[in-house]
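Contents: one structure, followed by commentary.
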Amino acid sequence: MSGMLLEIENLHTHFLTRAGVVQAVNGVSFTLARGEILGLVGESGSGKTVTGFSILGLIDPPGRIVEGSVRLDGLELTSLDQEGLRQVRGKRISMVFQDPMMTLNPVLSIGEQMLLAVRAHERITRRAGLERAAAVLTRVGIPEAATRLSAYPHQFSGGMRQRVAIAIALLHRPEVIIADEPTTALDVSIQAQILHEVRELARESGTALIWISHDLATVSSLADRLIVMYAGRVVEQGPVAEVLSDPRHPYTDGLLASLPANARPGEVLRQIPGNTPSLLDLPEGCAFAPRCARASTICATAPQLTHSGPRSWRCHHPLGAGA
Amino acid sequence: MLGFVIGRCLQALVVMLVMSLVVFTGVYAIGNPLDILIPPEAPQDIREATIARFGLDRPIWEQYLYFLLNVLQGDFGRSFIYNMPVLTLILSRLPATLELALAAVLGATLIGVPLGIYAGYRPTSVAARLIMGLSILGFSVPTFWVGLILILAFAVSLGWLPAGGRGPTVLLFGVPWSFTSLEGLSHLLLPALNLSLFKLAMMIRLARAGTREIILTDTVKFARAAGISEATILRRHVLKLISIPIVTVFGLEFGSTLAFAVVTETIFSWPGLGKLIIDSITSLDRPVMVAYLILIAALFVTINLLVDISYAALDPRLRGGRGA
């Protein structure tokens with residue numbers, strides 16, 4: 171598997187709360203190639219966001235990576251100290267968050283915030299730093315960027331703020347951008363625009379992208395490869411087209427069936443029965459079994475990952491060719 | 003902005019007018035200054051002459067109007083006791099209190115805010131627990147006791163610092179100050195420390211609460227994800243975000259210290275306003291009381307105005323209407 175840009179192996183991130191250990195990420199492994207766009211899909215609480223934060227070591231206590239490895243081009247990130255991690259953050263791997271209303275500091279001007287991000291990794295004069303900031307703002311489609319630098323976040327719309335956040339993520343031409351549902355909080359029309367632009371920007375600069383989302387439809391129009399997470403585990407992964415047209419895991423199948431686009435007009439939308447299990451108290455075997463129509467007694471034991479070409483899945487009773 | 007300032011100044015005028023009315027009637031009600039001004043054995047004609055000189059034979063509303071008229075001409079009356087213009091008397095005491103209050107509040111802020119930010123940033127560390135212990139102490143130990151202990155320790159036992167008084171002053175812009183000379187500073191240190199302890203405790207708690215809240219927000223997480231160092235995050239992001247409550251408390255504390263530093267000024271025999279007002283209350287020196295309280299109202303109004311203006315400087319969202 172060497173030669174991969176990012177290799178995540180058997181990652182376990184747990185939260186040691188008063189109620190018990192919350193196993194948010196429970197043995198996740200995947201890789202990311204240079205310039206690849208990877209969609210990370212799952213319901214709320216499936217561990218997709220925690221996976222994203224774990225890569226950058228941004229898990230706040232009481233959360234902690236208890237096991238596993240995250241390697242960036244061979245560099246083990248989980249054993250880096252604070253300063254080592256800081257040098258990776260924003261420089262080699264950067265991140266865009268879900269809600270642009272919350273991520274920018276309301277009392278610092280856009281230029282000031284971008285300058286802080288530039289200077290985090292470069293010794294540069296104020297003037298040159300602001301010029302860099304303006305150039306990147308122009309790249310993400312903000313008109314009159316140079317004059318907008320003195321503006322404050324509240325003077326921008328949600329879409330514009332997210333563009334600023336994306337510009338900050340792009341400042342140092344990172345190798346990977348982790349985008350955690352960056353369009354969820356935006357209007358639908360802006361969503362499509364930003365989606366398109368981010369893909370173009372990533373392609374242009376050869377940046378790999380991990381696009382975290384609960385929205386299968388959005389991700390499938392963007393990504394090269396898809397990872398489906400459920401209850402802190404990867405349940406299925408493979409090239410987008412194959413996963414969508416021929417899902418192996420019943421959970422993926424359920425997600426696809428619940429998309430409005432796949433329903434006939436007038437028909438009631440299909441939904442997956444039941445709820446996601448509590449991460450405090452995961453079942454012994456397959457976590458999806460209680461909601462699964464295909465479950466049998468063997469599902470009380472944990473299914474192993476089955477590989478087939480570029481695809482893999484974690485199920486005792488897979489659909490399609492494997493059945 | 004200009005309209006805002008003018009509006010606030012008009013508000014201030016109304017506040018001070020109401021204040022003067024309340025104070026005037028209140029002070030009128032507490033007692034008769036004649037009993038103190040005139041010896042009981044004085045003959046009747048001297049009694050009447052004194053009463054007429056201070057206008058005390060007039061009805062209260064007439065006395066009040068007469069007072070207002072004089073104030074408009076910059077005359078707050080003469081002190082019964084010191085027999086000098088009240089304004090001159092108060093202004094001669096103001097610099098002493100001003101520098102004491104400023105030293106106390108500024109010191110408390112400059113030390114308390116960094117300590118509070120640290121305690122909020124690493125809430126479980128030993129240092130943070132020590133800082134919070136210190137702040138509980140600052141809240142709960144009475145000021146007069148700390149003042150006495152400070153004198154006992156630093157002036158009596160160690161002999162490092164003077165026990166009281168203001169020491170020599172240096173004229174700066176025609177006003178006497180202590181802080182410009184080393185010896186003056188040594189006189190200022192203990193009373194300022196005494197006064198600042200409570201404020202220090204408050205600043206620590208304020209900064210800690212703000213930091214703990216902000217450090218968990220996406221703003222800080224996003225800054226971390228951009229590789230910005232923890233020190234820069236605290237200095238640039240957190241400090242700026244917690245500054246509004248801190249400026250508010252700074253203003254309030256500065257005002258109330260100016261007006262009511264009585265206990266500390268008494269213990270350290272600091273010749274400031276606090277001592278003046280206590281003396282004037284015990285001797286029923288009406289003009290001093292009235293002028294003093296009106297002046298304090300004016301100070302509070304001014305400080306609040308400055309605080310409001312600094313809000314706009316600190317938080318761009320409060321600047322009305324401008325920008326894109």
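One line per chain: the protein sequences are X and P, in this order.
Just so we're aligned: the first sequence equals residues 171 to 493 in my numbering.
Just so we're aligned: the second sequence equals residues 3 to 326 in my numbering.
The C-beta atom is built at its ideal place from N, Cα and C for all residues, glycine as well.
Because the structure is a prediction, the values reported are computed rather than measured.
Sequence-distant residues of its chain with Cβ nearer than 7 angstroms to Glu185/P (five each side left out): Start at 1 with the first residue of the second sequence, and residue 185/P comes out as number 183. Within the same chain, Glu185/P has close Cβ partners Gly169 and Pro170.
Closest by CA to Gly455/X, which one among Ile442/X, Ala465/X, Arg461/X and Cys469/X? By one-based count along the first sequence, residue 455/X stands at place 285. Of the residues Ile442/X, Ala465/X, Arg461/X and Cys469/X, the one whose Cα lies closest to the Cα of Gly455/X is Cys469/X.
Taking 9 angstroms as the cut-off, decide whether the C-beta atoms of Gly118/P and Met205/P are in contact. The residue labelled residue 118/P in the question sits at position 116 within the second sequence. The residue labelled residue 205/P in the question sits at position 203 within the second sequence. One thing to note: Gly118/P has its Cβ within 9 angstroms of the Cβ of Met205/P.
Is the beta carbon of Arg214/P closer than 9 angstroms to that of Ser137/P? Locating residue 137/P in the second sequence gives position 135, counting from the first residue. Locating residue 214/P in the second sequence gives position 212, counting from the first residue. No Cβ-Cβ contact shorter than 9 angstroms links Ser137/P with Arg214/P.
Asp281/P burial status per 10 Å Cβ neighbour count (16 or more: buried): For the purposes of this step, residue 281/P is taken as residue 279 along the second sequence, with counting starting at 1. Per the 10 Å Cβ criterion, exposed.
Say whether chain P places a C-beta atom closer than 9 angstroms to the C-beta of Pro480/X. Residue numbering aside, residue 480/X sits at position 310 when the first sequence is read from its first letter. With a threshold of 9 angstroms between beta carbons, Pro480/X makes no contact with chain P.
Pick helix, strand or coil for Pro318/P, following the three-state DSSP scheme. As a first step, residue 318/P is located in the second sequence; it is residue number 316 there, counting from the start. In this structure, Pro318/P counts as helix in the three-state DSSP scheme.
In terms of residues, what are the limits of the alpha helix (DSSP H) holding Asp59/P? If you number the second sequence from 1, residue 59/P lands on position 57. If you look at Asp59/P, you'll find it isn't in any alpha helix (DSSP H); DSSP assigns it neither H nor E.
Within chain X, the residues that Ile230/P reaches when beta carbons sit closer than 7 angstroms: In the second sequence, counting from the first residue as 1, residue 230/P sits at position 228. Within chain X, the residues near Ile230/P are Leu286, Ala287 and Ala290.
Check this for me: beta carbons of Ala1/P and Ile113/P, under 9 angstroms apart or not? This structure gives no information on residue 1/P, because the portion of chain P shown stretches from 3 to 326.
For Met171/X, three-class secondary structure by DSSP: Looking up residue 171/X in the first sequence gives position 1. Any reading at Met171/X must be qualified, since the residue scores a pLDDT of 44, below 50, and its modelled position is unreliable; the value itself is stated next. For Met171/X, the three-state secondary structure derived from DSSP is coil.
In angstroms, rounded to a whole number, what distance separates the CA positions of Arg319/P and Leu475/X? Start at 1 with the first residue of the second sequence, and residue 319/P comes out as number 317. Start at 1 with the first residue of the first sequence, and residue 475/X comes out as number 305. Taking the straight line from one Cα to the other gives about 52 angstroms.
Assuming Leu300/X and Leu340/X form a contact by the criterion Cβ under 8 angstroms, report the distance between their Cβ atoms to the nearest whole angstrom. Numbered from 1 along the first sequence, position 130 holds the residue referred to as residue 300/X. Numbered from 1 along the first sequence, position 170 holds the residue referred to as residue 340/X. Leu340/X and Leu300/X do not touch by the CB rule: their CB atoms are close to 16 angstroms apart, not below 8 angstroms.
Would you mind giving the Cβ-Cβ distance between Ile178/X and Val240/X, rounded to the nearest angstrom? I have them listed as a contact below 8 angstroms. Reading the first sequence from its first residue, position 8 is the one you call residue 178/X. Reading the first sequence from its first residue, position 70 is the one you call residue 240/X. Going by Cβ atoms, the distance from Ile178/X to Val240/X rounds to 5 angstroms, so yes, they are a contact pair.
Please go through the same chain and pick out, in chain order, the residues whose beta-carbon is closer than 7 angstroms to the beta-carbon of Gly257/P, but skip the five residues on each side of it. Here residue 257/P is taken as the residue at index 255 of the second sequence, counted from 1. Leu301, Phe302 and Ile305, listed in sequence order.
Between Ala189/X and the rest of its own chain, which residues show a CB-CB distance below 8 angstroms, the 5 nearest in sequence each way excluded? Working through the first sequence from its first residue, we reach residue 189/X at position 19. Hits under 8 angstroms: Leu450.
Can you find a C-beta in chain X that's less than 9 angstroms from the C-beta of Pro318/P? Position 316 of the second sequence, counted from the first residue, corresponds to residue 318/P. Yes, contact with chain X.
Residues of the stretch 411-431 of chain X in Cβ contact with chain P at a cutoff of 7 angstroms, in chain order, please. Those would be none; no residue qualifies.
Every unbroken beta strand (DSSP E) inside the stretch 219-274 of chain X [3 residues or more]: Correct list: 233-242 and 263-266.
Restricting to Cα atoms, I'd like to know which of Leu392/X, Ile442/X, Trp483/X and His384/X is closest to Ser214/X. Translated into positions along the first sequence, residue 214/X becomes position 44. Of the candidates Leu392/X, Ile442/X, Trp483/X and His384/X, the one whose C-alpha sits nearest the C-alpha of Ser214/X is His384/X.
Can you check whether the CB of Leu91/P is closer than 9 angstroms to the CB of Tyr84/P? Here residue 84/P is taken as the residue at index 82 of the second sequence, counted from 1. Here residue 91/P is taken as the residue at index 89 of the second sequence, counted from 1. Going by C-beta atoms, Tyr84/P is nearer than 9 angstroms to Leu91/P.
Exposure label - Trp483/X; buried when at least 16 CB within 10 Å: Counting from 1 along the first sequence, the entry for residue 483/X is found at position 313. With 16 or more other CB atoms across the displayed protein chains lying within 10 angstroms of its CB, Trp483/X is buried.
Which same chain residues end up closer than 8 angstroms to Ser428/X when comparing Cβ atoms and leaving out the 5 residues on each side of it in sequence? Position 258 of the first sequence, counted from the first residue, corresponds to residue 428/X. Once the five neighbours on either side are set aside, the close Cβ partners of Ser428/X are Leu439, Arg440, Gln441 and Ile442.
Using a Cβ cut-off of 9 angstroms (strictly closer), state whether Gly299/X contacts chain P. As a working mapping, residue 299/X is identified with position 129 in the first sequence. For Gly299/X, no CB of chain P lies under 9 angstroms from its own CB, so it is not counted at the interface with that chain.
Closest Cα partner of Gly217/X within the set Val310/X, Val198/X, Val211/X and Ala194/X: Locating residue 217/X in the first sequence gives position 47, counting from the first residue. Nearest neighbour of Gly217/X by Cα position, chosen from Val310/X, Val198/X, Val211/X and Ala194/X, turns out to be Ala194/X.
Would you verify that the beta carbon of Gly323/P is, or is not, closer than 9 angstroms to some beta carbon of chain X? Your numbering for residue 323/P matches position 321 in the second sequence. Reliability fails at Gly323/P, whose pLDDT of 48 lies under 50, so the model's placement of it is uncertain and the value that follows must be treated cautiously. It does not; no Cβ of chain X falls within 9 angstroms.
Any beta strand (DSSP E) of 3 or more consecutive residues that is wholly inside the stretch 388-419 of chain X: Counting whole runs of 3 or more residues, the stretch 388-419 of chain X contains the beta strand (DSSP E) stretches 395-400 and 403-409.
I'd like the list of long-range same chain contacts for Gly274/P, defined as Cβ closer than 7 angstroms, with 5 residues on each side in sequence excluded. On the second sequence, residue 274/P is found 272 positions in, with the first residue counted as 1. Same-chain partners within the cutoff: Arg95, Ala98, Thr99, Leu102, Ala263 and Glu267.
Out of Glu412/X, Ser375/X, Val404/X and Thr377/X, state which residue places its alpha-carbon closest to the alpha-carbon of Ser390/X. Stepping through the first sequence from its first residue, residue 390/X is reached at position 220. When C-alpha distances from Ser390/X are compared across Glu412/X, Ser375/X, Val404/X and Thr377/X, the shortest belongs to Glu412/X.
Cα separation between Ala355/X and Trp147/P? If you number the first sequence from 1, residue 355/X lands on position 185. If you number the second sequence from 1, residue 147/P lands on position 145. Straight-line measurement puts the Cα of Trp147/P at about 57 angstroms from the Cα of Ala355/X.
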